[in-house]
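These notes concern the structure reproduced below.
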Amino acid sequence: MKKFKISFKKILVVIFISFISISIYGGPSYNVDNLRIEAYINPDGSVDINELVQYNAYEINGILYNIDYKGYGDLKNLRVFYEKDSEFVPAINNNSQRRGTYSLKDRDDLREVKLYYPMRDTKKWFLFQYTLSQGVTVYNDIAQFNRKMVGRGWQIDIENIQVKIILPKNVNKEEIKAFGHGPLTGNVDIISGREIFYTLKGYYSGEFVETNILFPKSLIPNIKPSLVKNEDGYEKIMKMENKLADKADRERKFAQMRGTIGNIVFFLWGGWIIFIVGLNYVKNRKKYKVENEYGEYFREAPDDFSPAVGGSIAYRHVSPNQLLATVMDLVRKDIFEMIEDRENNKTILRKNSYDESSLKNYEKFVVDWYIDEIGNGTEVSMEEIEENIRNRKNAIRFGRNYEKWESMVEKDMKKVGFEKEPVKKLPIVLGMITAFLSVPLGPFLAVYFDNGKFIIFPFVAFAVLVFTTSTRGKYTLEAEKLRVKWLAFKKFLVDYSNLEEAKLASIYIWEHYFVYAIALGVAEEVAKGYQKIFRDSGENISRLNRTPLMGMYNRNSGFRSIERTVSRATTRGVSELAKSRPSSRGSGGGFSGGSSGGGGSRGGGGAF
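Reminder that position 125 of the sequence shown reads as 1592 in this note's numbering, one-by-one numbering, no gaps.
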């Protein structure tokens, strides 16, 4: 069973590491925080463009910037600037690959700029200026500026994008039609009769931001007549834009509906997970509530259980405290004689003759273990035990003996009714199914509903899996009733010295209570109570042929030697045993989808 548990934990670790692992490579590390573009339309139809981009670099050698001018005439007046001391310094066009220089490459009307500018843990602005000689299309009835101002070629996401288009002159706003294409979260606003403003938060690599602006052709008086298209464009363009706008509106409505459905699915699945966790808790973990029917105190050891069983019931598990209580109970019963050899500074346990039938199997086991196996068959000293376990092989043997003794006590606990209910399997199976489904379901739903909060489900799945599979069941109602009795008895022992009956009790009753106090972890309180009452009296003490256990405890003599030895030996024995086991293996508004046909889609940037 233990091998299975270890293997299962390893499987969980492998799955978890696989799920959250991130590939680390030696490429550039950076973000692009802002991209601000201004396009000035000139009376001759050319367009002057300024592209201002902010890099937040962790470590890069420089930046890459691509300008797509296919279909827009010639690319003229290209200038590149980098930020230095809050000013823009012109970069030099050469192939020296020195800081502040750039090289150019042309490929099918795509100008590739490679700017050498190493950066580490800093933010910098870069400016690219250029002119498109044929930026505007002029029809018989209208002028059009249609371009993908942000192309698909960006290697990385961009946090904020702003695009401003400035017309040659101011006109009536009603004479301007402005459309935007790209992510439906973008917006376009006609600010004035001359400026149109596009914004987008959260651009993802591979997307684009396209402008399509219609304005009076009278603003382009100096265009070459040969470049004017001999056809009407307004109706055709408006029809296309209206069609795209209708499609975008349908997509928005669907997105809103999908968002609502996504929220419902999220809360339904989240509610199901909470239900499954709650079901597992109620069925396999929640303790029964038991009212104390016996008053504040239980004045005698409940059901006459041994100190080992009683203490283990109170703490729900067996511990070295119960072993110590068993040893001292054997002293109380005169099966062991405790001798303080002051001359040799030793504490000795000597075996007296006894009736084996009077002992529990785990009590007889302690006698054989201590006296016959570690001792010489007649007696054993605490110093011998400590010397014995210094040897690793002996320590492992001691640990095995402790586990045998522990299992004997646990069997006796079950016999008296202190046991767990069988684990309810259905809640566990449902929990495992829920956890395994949540791992692929979370990312799938996040993509389908475009809602990142679903990503939490795979992480929650691991918690659910651990919670449901690690349950060991809960104690029966009868077991909890037994425990309430023993806790009431423990309280009685703590308060016993303050009760009137304690002053009249014989030394035998005090010793009887004291061994239970050891098992219940309140030996010190009981020993102090004994000292308070019998400090000046030898009446009861004289009835024993030895020093009372409480007196030894208070005097910090032989008792403390046994207490220390049992604790050390058990701890070292179990520790060495564990080590020895082998390991198991238009007029403003939102963007439309689609494209109105503008060029510039290959534009973009990155780093190297």
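From the three backbone atoms N, C-alpha and C, an ideal C-beta is built for every residue, glycine too.
Note that the structure is predicted; figures quoted are calculated from it, not measured.
Using the C-alpha atoms, what's the distance from residue 1556 back to residue 1550? For this step, residue 1550 is matched to residue 83 along the sequence shown. For this step, residue 1556 is matched to residue 89 along the sequence shown. Cα to Cα, the separation comes out at about 6 Å.
Distance between beta carbons of residue 1875 and residue 1832, contact taken as under 8 Å: Within the sequence shown, numbered from 1, the residue matching residue 1832 stands at position 365. Within the sequence shown, numbered from 1, the residue matching residue 1875 stands at position 408. Right, the Cβ-Cβ distance comes to about 6 Å (below 8 Å), so this counts as a contact.
Relative to the C-alpha of residue 1883, which residue among 1670, 1780 and 1734 is closest? The residue labelled residue 1883 in the question sits at position 416 within the sequence shown. Taking only the C-alpha atoms, the option nearest residue 1883 is 1780.
Rounding to the nearest angstrom, what Cα-Cα distance links residue 1992 and residue 1961 in this structure? In the sequence shown, counting from the first residue as 1, residue 1992 sits at position 525. In the sequence shown, counting from the first residue as 1, residue 1961 sits at position 494. Their Cα atoms are separated by approximately 6 Å.
From the DSSP secondary-structure annotation, give me the bridge partner or partners of residue 1535. Locating residue 1535 in the sequence shown gives position 68, counting from the first residue. Its beta-bridge partners are 1577.
Can you tell me whether residue 1810 is helix, strand or coil according to DSSP? Taking the first residue of the sequence shown as position 1, residue 1810 is located at position 343. The answer is coil: DSSP assigns residue 1810 none of H, G, I, E or B.
Rounded to a whole number of angstroms, what is the C-alpha to C-alpha distance between residue 1751 and residue 1834? The residue given as residue 1751 occupies position 284 in the sequence shown. The residue given as residue 1834 occupies position 367 in the sequence shown. Those two C-alpha atoms are separated by around 39 Å.
Could you pull the start and end residues of the alpha helix (DSSP H) that residue 1909 belongs to? As a working note, residue 1909 is residue 442 in the sequence shown. Residue 1909 -> alpha helix (DSSP H) spans 1892-1915.
Going by DSSP, what residues sit across from residue 1804 in a beta bridge? Position 337 of the sequence shown, counted from the first residue, corresponds to residue 1804. Partner(s): 1817.
According to DSSP, simplified to helix, strand and coil, what is residue 1950? To locate residue 1950, count along the sequence shown from 1; it is residue 483. It is helical.
Residue 1922 - containing beta strand (DSSP E), residue span: Position 455 of the sequence shown, counting from 1, holds the residue named residue 1922. First-last for residue 1922: undefined, no H or E at that position.
Please name the residue in 1986, 2033 and 1649 whose C-alpha comes closest to that of residue 1616. Counting from one through the sequence shown, the residue named residue 1616 turns up at place 149. The residue with the shortest Cα to Cα distance from residue 1616 is 1649.
Relative to the C-alpha of residue 1609, which candidate in 1535, 1704 and 1527 has its C-alpha closest? For this step, residue 1609 is matched to residue 142 along the sequence shown. It is 1704.
Minimum C-alpha distance to residue 1954 - residue among 1749, 1530, 1778 and 1865: For the purposes of this step, residue 1954 is identified with residue 487 of the sequence shown, where counting begins at 1. The shortest C-alpha separation from residue 1954 is found at 1778.
Integer Cβ distance of residue 1441 from residue 1927, believed to fall under 8 Å: In the structure as shown, the chain starts at 1468 and stops at 2075, and residue 1441 therefore has no counterpart that could be examined.
Would you report the Cα separation of residue 1579 and residue 1693, rounded to the nearest angstrom? In the sequence shown, the residue the question calls residue 1579 occupies position 112. In the sequence shown, the residue the question calls residue 1693 occupies position 226. If you take the alpha carbons of residue 1579 and residue 1693, they lie about 30 Å apart.
Within the continuous beta strand (DSSP E) that includes residue 1646, where are the two ends? Locating residue 1646 in the sequence shown gives position 179, counting from the first residue. Start and end: 1644-1648.
Does the stretch 1673-1682 come into contact with the stretch 1619-1634, if we say contact requires no fewer than three beta-carbon pairs (one atom in each stretch) closer than 8 Å? yes
CA nearest to the CA of residue 1669, picked from 1621, 1613 and 1714: The residue you call residue 1669 lines up with position 202 of the sequence shown. Per the Cα distances, 1621.
By how many angstroms is the C-alpha of residue 1793 removed from the C-alpha of residue 1959? Counting from one through the sequence shown, the residue named residue 1959 turns up at place 492. Counting from one through the sequence shown, the residue named residue 1793 turns up at place 326. Their Cα atoms are separated by approximately 20 Å.
Between which two residues does the alpha helix (DSSP H) carrying residue 1863 extend? Working through the sequence shown from its first residue, we reach residue 1863 at position 396. Element bounds for residue 1863: 1859-1882.
Nonlocal neighbours in the same chain, by C-beta distance under 6 Å from residue 1545, ignoring five residues either side: If you number the sequence shown from 1, residue 1545 lands on position 78. If we look at residue 1545 and ignore the five residues flanking it on each side, its Cβ neighbours are 1597.
Quick check on this structure: which residue in 1589, 1748, 1732 and 1625 has the alpha carbon closest to the alpha carbon of residue 1937? In the sequence shown, counting from the first residue as 1, residue 1937 sits at position 470. Ranking the options by Cα distance to residue 1937, first place goes to 1748.
Are the stretch 1501-1508 and the stretch 1524-1540 touching by the rule of at least three beta carbon pairs closer than 8 Å? no
Below 8 Å on the Cβ atoms is my guess for residue 1663 versus residue 1511; work out the distance and round it to an integer in Å. Translated into positions along the sequence shown, residue 1663 becomes position 196. Translated into positions along the sequence shown, residue 1511 becomes position 44. No, residue 1663 and residue 1511 are not in contact; Cβ-Cβ is about 20 Å, not under 8 Å.
Where do the ends of the alpha helix (DSSP H) carrying residue 1794 lie? Within the sequence shown, residue 1794 is the residue found at index 327, counting from 1. First-last of the alpha helix (DSSP H) with residue 1794: 1787-1799.
Straight-line Cα distance separating residue 1871 from residue 1783: In the sequence shown, counting from the first residue as 1, residue 1783 sits at position 316. In the sequence shown, counting from the first residue as 1, residue 1871 sits at position 404. Answer to the nearest angstrom: the Cα atoms are 18 Å apart.
Sub-8 Å separation of residue 1986 and residue 1774 beta-carbons: On the sequence shown, position 519 is the one that residue 1986 refers to. On the sequence shown, position 307 is the one that residue 1774 refers to. Taking 8 Å as the Cβ cut-off, residue 1986 and residue 1774 qualify as a contacting pair.
Rank 1529, 1560 and 1869 by C-alpha distance to the C-alpha of residue 1789 and give the top, closest one. Mapped onto the sequence shown, residue 1789 falls at position 322. The candidate whose alpha carbon is nearest that of residue 1789 is 1869.
Across the stretch 1754-1769 and the stretch 1905-1922, are there enough close Cβ pairs to call them in contact, namely three or more that are closer than 8 Å? no
For the ligand COA, is there a heavy atom less than 7 Å away from the beta-carbon of residue 1655? Annotation note on the ligand COA: not contained in the displayed structure, which lists no ligands.
On the DSSP bridge list, what partners appear for residue 1557? For the purposes of this step, residue 1557 is identified with residue 90 of the sequence shown, where counting begins at 1. Answer by DSSP bridge pairing, in chain order: 1548.
Enumerate, from N- to C-terminal direction, the unbroken beta strand (DSSP E) stretches of 3 or more residues contained entirely within the stretch 1823-1853. 1846-1848
Within 10 angstroms of its Cβ, does residue 1815 collect 16 or more other Cβ (buried), or is it exposed? Sequence index remark: in the sequence shown, residue 1815 carries index 348 (1-based). Residue 1815 comes out buried.
Taking CB distances under 8 Å as the criterion, tell me whether residue 1582 reaches chain D. Included in the structure is just one protein chain, with no chain D present.
Contact belief for residue 1743 with residue 1897 at Cβ below 8 Å, rounded distance in angstroms: Position 276 of the sequence shown, counting from 1, holds the residue named residue 1743. Position 430 of the sequence shown, counting from 1, holds the residue named residue 1897. With a Cβ gap of about 5 Å, residue 1743 and residue 1897 count as contacting.
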